[in-house]
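Below is one structure; the comments refer to it alone.
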């Protein structure tokens with residue numbers, strides 16, 4: 001419940017939906033790639049997203065009284081696109097990496113949008129911690145994308 005001088009939580013559901021979609025996408029990608037190291041890398045990214053999601057869930061519960069379990073349409077559409085391209089591509093690993101980097105971009109975009117809003121102090125702190133975690137994931141994914149480009 002919002003207090004008089006305490007701003008309402010904004011944007012938490014959008015962030016968690018993008019995180020949920022990314023968790024599903026990384027899980028799918030992990031199962032589809034043949035490279036064991038790449039699968040382990042995807043697993044690390046998946047776990048980072050789960051950690052951030054659990055850090056933010058209390059704020060979704062505080063706002064609506066329940067956990068956010070939905071997913072973001074933009075990420076779901078990207079997942080379908082990747083399945084189609086991966087089916088016809090000779091380099092499915094690079095296809096997944098490229099699309100997952102886009103998911104990381106979307107996650108950062110959502111976190112930054114939330115930080116532009118006037119947020120309760122505890123939520124802003126959680127957002128900043130989450131942004132740091134997700135920026136590290138994004139940077140690792142971008143480096144991997146560059147390393148696997150032909």
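In the UniProt record's numbering, the protein residues as written are 1 to 150. Note that beta-carbon positions come from the ideal geometry of N, C-alpha and C, so glycine has one too.
Return the CA-CA distance between residue i and residue j, expressed in angstroms with no decimal places.
| i | j | result |
| --- | --- | --- |
| residue 152 | residue 122 | What the structure shows of the chain is the stretch from 1 to 150, and residue 152 is not part of that stretch, so it cannot be assessed. |
| residue 148 | residue 105 | 18 Å |
| residue 34 | residue 124 | 39 Å |
| residue 107 | residue 50 | 13 Å |
| residue 10 | residue 138 | 23 Å |
Of the residues the options, which one's Cα is nearest the Cα of residue i?
| i | options | result |
| --- | --- | --- |
| residue 69 | 119, 139, 54 | 54 |
| residue 77 | 102, 31, 133 | 102 |
| residue 67 | 73, 59, 139 | 59 |
| residue 130 | 111, 139, 140 | 111 |
| residue 92 | 29, 12, 10 | 29 |
| residue 79 | 52, 18, 133, 10 | 18 |
Apart from the five residues on each side of it in sequence, which residues of its chain come closer than 7 Å, Cβ to Cβ, to residue i?
| i | result |
| --- | --- |
| residue 3 | In this prediction, residue 3 has a pLDDT of 44, which is less than 50 and means its spatial position is unreliable; what the coordinates show is noted afterwards. Contacts found: none. |
Go to residue i, then tell me how far its alpha helix (DSSP H) extends in each direction, as first and last residue.
| i | result |
| --- | --- |
| residue 135 | 121-148 |
| residue 55 | 36-64 |
How about the stretch 135-148 and the stretch 63-70: do they share at least three Cβ pairs that are nearer than 8 Å? no
Inter-stretch contact (C-beta, 8 Å, three-pair minimum) for the stretch 12-29 and the stretch 46-56: yes
I want to know whether the stretch 111-121 touches the stretch 31-39 - three or more CB-CB distances under 8 Å. no
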